[in-house]
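Sequential numbering of the sequence shown, starting at 1, is according to the UniProt record's numbering.
For every residue, glycine included, the Cβ atom is placed at its ideal position computed from N, Cα and C.
A short worksheet on the structure shown next.
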Amino acid sequence: MWQGHEFLDKIRSDTAWNKIKQIIKTKGIDLSFEAIKLAGKSLLISLLK
1 MWQGHEFLDK IRSDTAWNKI KQIIKTKGID LSFEAIKLAG KSLLISLLK
């Protein structure tokens, strides 16, 4: 499976997706795949703390 597909499966829930969009909006950056990946990783790290 392509890494992008695996990543999208992990952020598919509405809760995760909404938090990722909020992170990107707060930072004022474009909604690119790289930005989504970074925001997703940031969210995951914060949830693991």
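Worksheet item: Per DSSP, what kind of secondary structure is Asp30 in: helix, strand or coil?
Response: Translated into the one-based positions of the sequence shown, residue 30 becomes position 30. It is coil, neither helix nor strand.
Discussion item. Ile20 and Leu43 - do their beta-carbons sit closer together than 8 Å?
Written reply: Sequence index remark: in the sequence shown, residue 43 carries index 43 (1-based). Sequence index remark: in the sequence shown, residue 20 carries index 20 (1-based). Yes, these two residues count as a Cβ contact at 8 Å.
Worksheet entry | Collapsed DSSP secondary structure at Lys49 in the structure displayed | As a working mapping, residue 49 is identified with position 49 in the sequence shown. Looking at Lys49 - three-state DSSP - the assignment turns out to be coil, as it is neither helix nor strand.
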